[in-house]
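Trainee: This is the structure I have questions about; it appears just below.
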Amino acid sequence: MTPATTTEHTAAGTAHRRVEGRDKVTGAARYAAEIPLAGLAHGWLVGSTVARGRVRSVETAPVLAMPGVLTVLHHGNTARVTTDYVTVLGTSPDPTAAVFQHDQVQHMGWPVALVVAETPEQAREGAEALVVHYDEEPHDTAFSGDRADAYPLDSMGQPAVTDKGETEAELAASAVVVDACYTTPENHHNAMEPHAATVRWDGGRLDVIDSNQSAAWIQSELANMFSLDPQSVRVRSEHVGGAFGGKGVRAHQVAAALAARALGRPVRVAMTRRQMFALIGYRSPTAQRIRLGADADGRLRALQHDSLNQTSTVHEHVEASAGVSRVGYDAAAHRTAQRVVRLDVPTPTWMRAPGEAPGSFALESAMDELAAECGIDPIELRMRNEPERGPVSGLPFGSRRLPDCFREGARRFGWADRDPRPGVRRDGRRLLGTGTAAASFLAMAMPATAAVTAEADGTFTVRIGAADVGTGARTALTLIAAEALRTAPDRVRMRIGDSDFGPAWGAAGSMGTRSWAWAITDAVAALRERLAGGAGIPPEGVTARSDTSGSVFGLAPRERRAYGAQFAEVAVDPGTGEVRVRRLLGIFAAGRIVNPLTARSQLTGGMIWGISMALHEEAVRDPVSGGHVGADLAGYHVAAHADIPAVEADWVDDPDPEDPVGIKGVGEIGVVGVAAAVANAVWHATGVRHRHLPLRPDRVLTAPPAA
Amino acid sequence: MAPPVHSEITLTVNGEEHTLLVDHRTTLLDALRERLDLTGTKKGCDQGQCGACTVLLDGRRAVSCLQLAVAAEGRTVTTVEGLADGDRLHPVQQAFLDLDGFQCGYCTPGQICSAVAVIEEHAAGWPSAVTADVRPEAGPPELTAEEIRERMSGNLCRCGAHVQIVRSVARAAGAEEAAV
Ligand code: FES
Ligand code: FES
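For the record, the sequence lines run as chains A and B.
One rule links them: number in the working numbering = place in the first sequence (from 1) + 17.
One rule links them: number in the working numbering = place in the second sequence (from 1) + 23.
Next up, the structure:
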């Protein structure tokens, strides 16, 4: 039969429920720890109770004698894996996922053993009973902005330092100067689904059912570690319960693979919530200094942004917070620097809106301070400093509709009626205020491969190594494929989350859906060409493949970003110090919106992350033990329903002319700028500037009153 | 002689009676997931802090990770798998599906079970911490967005689906107007 490719369909751009939605609301969708396997054994990780030192001995005998315990893996009895390879990102791997390779303890909660047993209860009890002796060494986990041992570090092709013009001279010539330090705390992803892997060795093949944001990345890392061909590793992750940057290769997959090989039977390792705080990465705390110099009319002469974050002693990670200042505003002089300090802590990693989330808090707070100093409306100040080209790079921008976002947001929020004076509005005993901030996030694409099959029954099957971590990617890609195939979405079967589908970028950097869509539209174009002859479809179907590595890197250099304007209204209780967000509105220019239903969810979800970051989230590290205080969802509060008001996201039309589908990406930009908009609103309510997140009640209560 | 570490229990789950020999350490959550293969009920924290494991226990919502299976002996459990009527989704499930009341879906079974109970608790006149008039004769308060948020706050959602969840609960309760 000939496929139905003649009628025009415009599925993309209209609201569609998630294609896997029914499975998710009925409980039928199975996640990584939920696939039954015959003969499955259960592994439980044991974390160190010291922050630095060496494992002297592991008392395995009493635990091995416990009912059901099958083995105890530790550095003294575990096979070696490879750690000196280059990752798909072109970096050296964080060696901390390679568990039980040596006796050194590099942070509190470092995995020192895995107890494997017939049941989870037996494994857990064995893990809790396991006695490990350490030679403890002094540790240093104290992060602060004035660490003398900090050093500048490049990150993912971004230089550590940029310097344009005469910053000091411009500051000296400025009528108004803002010079302030901002800090953000350690934040944790806390995806609702804990990391888990169910692993078996099938002949020589490693079969991994895992929760991650890119099956192909995990495949590649495990192949490297276990010295296998990539084809000898299969990673599947059909449903993933949130990722946010924290679901890469981690101790659970490696420990499960080691145990499964040692025992010759399948093993599942699921992390506990508490273990996640030590083992999956996190957003580093930052200390940032901003110096703005401006003429009396608010035009910037100088913009300086220095940021510092912590990293571990074994791997470097930059929280690229100064990046926002390289693309945000025009100024005669720009100076930015990103530095790190090595501490006895786990390696931090990317977390939703990496760099931009903390960086925009500092920059957009400072811009609000400048607006107040100059007596200029904060939106007008931003408009006056809107750059023509990349302020540091000198490159032309892709589409940059930030001013339109502010205009539309201001209209919808009622900004025009705002009295700029701080501390003058009340609702009962509460003080009210409003604040705004700009948002932007990188809009890029990365290589992917895809295969599209025209089936003999007139339907189509797409296979791509994409991951739907809750973004709605599976649904968006279905709509995109249907549009390209000129068929109805229900005739397209979207198969994702399997490394056997070939290499592909992951759900990361707001580049997932865009990168996968590119590969799918290329494959569809090839398929349509092959079908153009009009020959019938054989029983096995006709398949065309694509690989976008050539095309995605072929674009001329530009500053390509998505934009947004955030507006917050807060109520501050001066008696309790409680800050409540009453309204949050974000207007975005973020490329073509493929599925308005799920894109809005992505944007409001990001904005809710922003509220949570502004008001609640803070992992507290005890300098004495080197570990966390309250490493759980009670000690680390993420916004609950009662914390979240009516949050509204909308967009202006902004299809990216350089993308085959017009996409920019919506996964992260929602977070950016929210914390600043909230803090700016708190200033407007109270007259007090808060430069340290989160805006805890005690900080609000003890802040010196407004001058 | 060592004391027994297993006991036989009977649970009625989604209308079906199960007799199980369970380890005394097994939680109701693990009994559902690991023994009965009802993996719709999720484990987000295993310590009563996230609500992902919410089920209806004798009709009332409970976090199944804080309940030992042996302590549930003889009780009736409804999980997310037991809400739909054949192919017809429960109104709460339908509302979550239509209004995108979830993203990754991992908190979703807990949110849905909680919402089913919230709607019943509200209809029965139970007040919440934000109810202004808590006198029994005042009757159920209007199921505003604020009431729904308060009553659903034991169910965390890390994806940030809060806005859509509150709307879904309101629609299922027939209180959509009040809660937008
Ligand atoms: S798993 Fe039971 S409350 Fe989190
Ligand atoms: S939908 Fe992902 S945690 Fe709620």
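Quick reminder that beta carbons are idealized off the backbone N, C-alpha and C, glycines included.
Shorter than 7 angstroms from the beta carbon of H185/B to some beta carbon of chain A?
Mentor: Interface residue, yes.
Trainee: Between A549/A and S563/A, which are expected to be in contact by the criterion C-beta below 8 angstroms, what is the C-beta distance as a whole number of angstroms?
Mentor: With a Cβ gap of about 17 angstroms, A549/A and S563/A do not count as contacting.
Trainee: Going by DSSP in three states, V203/B sits in which element: helix, strand or coil?
Mentor: Reliability of the predicted coordinates at V203/B is poor, the pLDDT of 49 falling under 50, and no value is obtained from them.
Trainee: For F125/B, is the beta carbon positioned less than 6 angstroms from some heavy atom of ligand 2?
Mentor: Answer for F125/B: yes, Cβ within range of ligand 2.
Trainee: With 7 angstroms as the C-beta to C-beta threshold (strictly closer), list the residues of the stretch 638-651 of chain A near chain B in chain order.
Mentor: Listed by position, the residues of the stretch 638-651 of chain A near chain B (Cβ gap below 7 angstroms) are D649, L650 and A651.
Trainee: If you draw a straight line from the C-alpha of V468/A to the C-alpha of A648/A, how long is it?
Mentor: In the sequence on display, residue 468/A carries Ala and not Val. Distance between the alpha carbons of A468/A and A648/A: 43 angstroms.
Trainee: Does the Cβ of N229/A have 16 or more other Cβ atoms within 10 Å, making it buried, or fewer, making it exposed?
Mentor: Burial call: buried.
Trainee: Taking a contact to mean a Cβ-Cβ separation below 7 angstroms, would you say P439/A touches G704/A in this structure?
Mentor: Yes; because the gap between Cβ atoms is below 7 angstroms, this pair is in contact.
Trainee: Under the assumption that L398/A contacts G315/A (Cβ atoms under 8 angstroms), give the Cβ distance between them as a whole number of angstroms.
Mentor: That belief holds up - the Cβ atoms of L398/A and G315/A are roughly 5 angstroms apart, short of 8 angstroms.
Trainee: Less than 6 angstroms between the CB of V103/B and some heavy atom of ligand 1, yes or no?
Mentor: No, the beta carbon of V103/B sits no closer than 6 angstroms to any heavy atom of ligand 1.
Trainee: Check for me: the beta strand (DSSP E) holding Q248/A runs from which residue to which?
Mentor: Looking at the DSSP string, Q248/A is not in any beta strand (DSSP E), and its letter there is neither H nor E.
Trainee: How would you list, in chain order, the residues of chain B whose beta-carbon sits under 7 angstroms from the beta-carbon of I625/A?
Mentor: What I625/A touches in chain B: G183 and H185.
Trainee: Given the structure, does D69/B come close to ligand 4, in the sense that its CB is under 6 angstroms from one of the ligand's heavy atoms?
Mentor: Although ligand 4 was asked about, the structure shown includes only ligand 1 and ligand 2 as ligands.
Trainee: Can you tell which of V596/A, A213/A, Q327/A and S329/A has the C-alpha that lies nearest to the C-alpha of V587/A?
Mentor: Nearest option by C-alpha distance: V596/A.
Trainee: Pick out whichever of T102/B, L122/B and G183/B has its Cα sitting closest to the Cα of L34/B.
Mentor: Here the closest residue by C-alpha is T102/B.
Trainee: I need the boundaries of the beta strand (DSSP E) containing P128/A, first residue and last residue.
Mentor: Start and end: P128 to A134.
Trainee: Expressed to the nearest angstrom, what Euclidean distance is found between the alpha-carbon atoms of G128/B and T136/A?
Mentor: If I take the Cα positions, the gap works out to 27 angstroms.
Trainee: Grab me the residues of V271/A's own chain with a C-beta within less than 8 angstroms of its C-beta, minus the 5 sequence neighbours each way, in chain order.
Mentor: Excluding residues within five positions, the ones whose Cβ falls inside 8 angstroms are V98, A114, A115, V116, L239 and M242.
Trainee: Classify N207/A: buried if its beta carbon has 16 or more other beta carbons within 10 angstroms, exposed otherwise.
Mentor: Answer is buried; the Cβ neighbour count reaches 16.
Trainee: For S618/A, which residues in chain B fall below 7 angstroms Cβ to Cβ?
Mentor: What S618/A touches in chain B: D123, Q126, A184 and Q187.
Trainee: When burial is assigned at 16 or more other CB atoms within 10 Å of the CB, is P20/A buried or exposed?
Mentor: Because P20/A sits at a pLDDT of 40, beneath the cut-off of 50, its placement in the model cannot be relied upon, and the point is left open.
Trainee: Can you check whether the C-beta of N207/A is within less than 7 angstroms of a C-beta belonging to chain B?
Mentor: Cβ-Cβ to chain B under 7 angstroms: yes for N207/A.
Trainee: Which residues does DSSP list as the beta-bridge partners of K681/A?
Mentor: DSSP, once it has assigned bridges, lists no residue as partnering K681/A.
Trainee: Which residues in the same chain have their Cβ closer than 7 angstroms to the Cβ of L320/A, if we skip the five residues on either side of it in sequence?
Mentor: The residues are L309, S342, Y346, A348 and H351.
Trainee: Counting only Cβ pairs nearer than 8 angstroms, list the residues of chain A close to A75/B.
Mentor: The contacting residues are M209.
Trainee: Quick one: complete alpha helix (DSSP H) runs, 4+ long, within the stretch 124-151 of chain B?
Mentor: If we require 4 residues or more, the alpha helix (DSSP H) runs fully inside the stretch 124-151 of chain B come out as 131-146.
Trainee: For V16/B, go through chain A and note every residue whose CB falls closer than 7 angstroms to its CB, in chain order.
Mentor: Since the displayed chain B opens at 24 and closes at 203, residue 16/B lies outside it and no answer follows.
Trainee: Does the beta-carbon of T23/A have 16 or more other beta-carbons within 10 angstroms, so that it is buried, or is it exposed?
Mentor: A caution first: T23/A carries a pLDDT of 38, below 50, which makes its placement in the model too unreliable to give a value.
Trainee: Measuring only from the beta carbon, is G30/A closer than 6 angstroms to any heavy atom that is part of ligand 1?
Mentor: G30/A Cβ: outside cutoff for every heavy atom of ligand 1.
Trainee: Measuring straight from C-alpha to C-alpha, what distance separates A659/A and S629/A?
Mentor: A659/A and S629/A: Cα-Cα distance of roughly 12 angstroms.
Trainee: Tell me the DSSP secondary structure of Q583/A in three-state form.
Mentor: Residue state, collapsed to three classes: strand.
Trainee: DSSP on A465/A, reduced to helix/strand/coil?
Mentor: Strand, per DSSP.
Trainee: Whose C-alpha, out of P363/A, A279/A, S457/A and L502/A, is nearest the C-alpha of P371/A?
Mentor: The option with the nearest alpha carbon to P371/A is S457/A.
Trainee: Please report the straight-line C-alpha distance between I625/A and S532/A, rounded to a whole angstrom.
Mentor: When rounded, the distance between both Cα atoms is 26 angstroms.
Trainee: Take V689/A as the anchor and find which of V225/A, H709/A, H124/A and T621/A has the nearest alpha-carbon.
Mentor: Per the Cα distances, T621/A.
Trainee: Evaluate G487/A with the Cβ neighbour count: other Cβ atoms within 10 Å of its Cβ, from every protein chain shown; 16 or more gives buried, anything less gives exposed.
Mentor: Under this definition G487/A is a buried residue.
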